[in-house]
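As they're listed, the protein sequences go chains V and H.
Counting from 1, position 146 in the first sequence corresponds to residue 146 in the working numbering; the numbering is continuous, with no gaps.
Counting from 1, position 24 in the second sequence corresponds to residue 391 in the working numbering; the numbering is continuous, with no gaps.
Using N, Cα and C, we set each Cβ at its ideal position, and we do this for glycine too.
Every value quoted in this text rests on a predicted model; they were computed, and no experiment measured them.
Read through the structure below, which is laid out as structure tokens, and then see the notes.
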Amino acid sequence: MAAQTFQPIPPRPAPVNTEGLLPWIRSNLFGNWMTSIGTVILGALLLWIVPQLLSWALFRAAWAPNADACRLDGVGACWGVVAEKYRLIIFGRYPFEEQWRPLVATVLMVGLLVASCARPFWKPWLALVWVAVLGAFFTIMFGGVLGLSRVETDRWGGLPLTILLATLSMAMAFPIALVVALGRRSNLPAIRSACTIYVELIRGVPLISVLFMASFMFPLFMPQGFSIDVLIRVLVGITLFAAAYMAEVIRGGLQAIPKGQVEAAATLGLSYWQTQRKIVLPQALAIVVPGIMNGFISTFKDTSLVTIVSLYELTGAMGLALNSDADWRPFKIEGYLFIASIYFIFCFSMSRYSHWVEKQVNKSKLR
Amino acid sequence: MSEPIITFDKVNKWYGNAFHVLRDIDLVVAKGERIVICGPSGSGKSTLIRCINRLEEHQQGRLIVDGVELSDDVKAIDQVRKEVGMVFQQFNLFPHLTVLENLTLSPMWVGKMPKKEAEEKAMEQLNRVRIAEQAAKYPLQLSGGQQQRVAIARALCLKPKIMLFDEPTSALDPEMIKEVLDVMIEMASQGITMLCVTHEMGFAKAVADRVIFMDQGQIVEQNNPHDFFNNPQSERSKDFLSKILGH
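In structure tokens form, the structure reads like this:
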């Protein structure tokens, strides 16, 4: 029998078109009678709600900073409250005529954060830039030099305070979390239990109680006349809290690295720290990028709890601004929507950035 | 027989309290000797070779590698690991580094070699395993056979005196086994001491000076490949060979 030649069959397109808008609608919105009913009901709800929402928020809204205009019949959203109070909301109790200072400080910090996210800036000198910008932030905010009047930290507030608390606590929590996560997997029992106790203790209590302790109990143990600024105490509290959670996220990533990676590194003569730094952590952190960003976003919003120890960051400043003024007190919904949109801008940016980082670190997995 | 490079002297090891995985192992490996270790799974073959570079520690007996006795002493372990290369069943390449970076990592960080020199040496090794054109790729972009050749090149970058292979072809598609074995056969002709856990009997016949058969943590039989395959002495090895060669 003659040998048969292998004849590959050329690929043919699928018989039913599955790409494009119409096929997408057909399969996703009207795939079967259950989804079709769902699509119709949800569509009707949207048609009913969206016009009302637009009417309230835009067409019938009052834009002028005039409380009487907002009280007229048939008026929708009162955005005048934002026009009237935005400086109090954004800068809190910081002296009114000095509010260019928190503005400059905030712009500096946001610029620093945006720059730190971009690859061209990932150089050793970025650390110096951080020190310089943080130094500038505190100098401008605190004053007392260069002809700036002194503003104590208890007058700081609003967005600059939110950004400061979030940035510093995240920046400090991350390295602590790394060490604790490695410590929980250490071969040395003392280190292992110390790290476990830390994580379990902190995770066992709400952030509010950590802040209370940092703010009210901690000073009781200090010698007379010696005090640490409440801002720093609160910062340490948030940092320790965020680090405990992040340590567990990172530990999850560490556990996903196969034992063979460490063994291969050992046979190549790498030390423990070289192995962690070059082999284990790059892979583990790549896995937990979404979890770490989750922690960052939640820390950013958790800063709103410092209101209970009388630091008026964005949320607290909003409450302060409206509660102190009977004319505008009824329009809190609009005020909350305003700060919600600020929170959203920051959190959504972080989320998109996390997506980008994920893509970057997963490049080696593309075939 | 030339001078010994690895000496096992009544080595015992347990996993936990109950599983006695290595039992009174006595073994002397001469410099340049090529040894194939076979036996059923769970017989302790992998553990035996993993003791040589201290990926596993033995609890009793003495184990001397290139004049250094292995103990808890970290310096001794580092010294031994410098002389011993290892290739794993699952390759264990670093997936986040390119092929070239996999090879230069240890020379640069452990050997403090300048980057350029390390890369030149790495390319030499990649040429040796005939995979130089893949240097810029990531491991997961390569086939299993290519990955294992990279792993061999990575181990060779340290210029080891001893190479350990832990079932290097067991995770490969049949079509790729040959390309890896060819590289290993070439290496064997260059005088490096090799210990290889494998069931590739063709490879054993082609390059091994000695075949060691293990079962239940003991060395049951050792002989040159010709006699081992044609005239096994123990019942256990006869039974084993009939199973792996029987079809």
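With a threshold of 8 Å between beta carbons, Pro282 of chain V makes contact with chain H. In chain order, Arg192, Cys195, Thr196, Val199, Ala247, Arg251 place their CB closer than 8 Å to the CB of Arg184 of chain V, counting only its own chain and leaving out the 5 sequence neighbours on each side. When DSSP states are grouped into helix, strand and coil, Glu534 of chain H belongs to the coil group. Between Asn459 of chain H and Gly260 of chain V, the beta carbon gap of about 4 Å places them in contact (Cβ cut-off 8 Å).
According to DSSP, residue pairing for Trp381 of chain H in a beta bridge involves H:His387. Gln255 of chain V and Gly295 of chain V have their alpha carbons spaced roughly 19 Å apart. Ala105 of chain V and Trp33 of chain V have their C-alpha atoms roughly 57 Å apart.
Counting only Cβ-Cβ distances below 9 Å, Gly452 of chain H has contacts in chain V at Thr267, Leu268, in chain order. Counting C-beta pairs closer than 8 Å gives fewer than three between the region 282 to 296 of chain V and the region 37 to 56 of chain V, which falls short of the contact rule.
With a cutoff of 8 Å on beta-carbon distance, Val454 of chain H and Pro535 of chain H are scored as near each other. Straight-line measurement puts the Cα of Ala214 of chain V at about 8 Å from the Cα of Val236 of chain V.
Residues of the region 247 to 278 of chain V that bring their beta carbon within less than 7 Å of a beta carbon in chain H comprise Gly260, Gln261, Glu263, Ala264, Ala266, Thr267, Leu268, Gly269, Leu270, Gln274, Lys278, in sequence order. Contacts between Ser473 of chain H and chain V, judged by CB atoms closer than 7 Å, involve Leu268, Gly269, Leu270 in chain order. Taking 8 Å as the cut-off, the beta carbon of Lys412 of chain H is found no closer than this to the beta carbon of Ile372 of chain H. The secondary-structure analysis by DSSP pairs Phe580 of chain H across a beta bridge with H:Cys405, H:Glu588. As computed with DSSP, Arg429 of chain H is found in a beta bridge with H:Asp376. Checking the DSSP bridge columns, you'll see Cys563 of chain H partnered with H:Val403, H:Phe532.
Secondary structure at Tyr505 of chain H: coil, using DSSP grouped into helix, strand and coil. Under the three-state reduction of DSSP, Ile9 of chain V is assigned to coil, being neither helix nor strand. Not a single C-beta of chain V is nearer than 8 Å to the C-beta of Asp540 of chain H.
Within chain H, the residues His463 have their CB atoms less than 9 Å from the CB of Ala286 of chain V, given in chain order. Assignment of Ile392 of chain H by DSSP, reduced to helix, strand and coil, places it in the strand class. Interface criterion met: the Cβ of Lys449 of chain H is under 8 Å from a Cβ in chain V. Closest in alpha carbon position to Phe386 of chain H, among H:Ser473, H:Ser410, H:Arg495, H:Arg421, is H:Ser410. Around Ser601 of chain H, the same chain offers Val587, Glu588 as residues with beta carbons nearer than 7 Å, after the five sequence neighbours per side are excluded. By the Cβ criterion, the region 122 to 133 of chain V is not in contact with the region 42 to 56 of chain V, since fewer than three pairs of Cβ atoms, one from each stretch, lie closer than 8 Å. Look at Asn420 of chain H: its C-beta is under 8 Å from a C-beta on chain V. Look at Met480 of chain H here: in three-state DSSP terms it is coil, with no helix or strand label. In this structure, H:Gly569 is the residue among H:Leu422, H:Leu394, H:Gly569, H:Leu562 with its C-alpha nearest to the C-alpha of Ile544 of chain H.
For Met222 of chain V, no alpha helix (DSSP H) encloses it, and the DSSP letter there is neither H nor E. The beta carbons of Asn494 of chain H and Val451 of chain H sit no closer together than 8 Å. Cβ contact annotation for Pro95 of chain V (same chain, cutoff 8 Å, sequence separation greater than five): Ser149, Val151, Arg155, in chain order.
Contact between Val564 of chain H and Arg516 of chain H does not hold, since their C-beta atoms are separated by about 18 Å, which reaches or exceeds 8 Å.
When secondary structure is reduced to three states using DSSP, Pro206 of chain V falls in the coil class, being assigned neither helix nor strand. Thr471 of chain H counts as buried, since at least 16 other C-beta atoms from the protein chains shown sit within 10 angstroms of its C-beta. Around the CB of Trp328 of chain V, 16 or more other CB atoms lie within 10 Å, so the residue is classed as buried.
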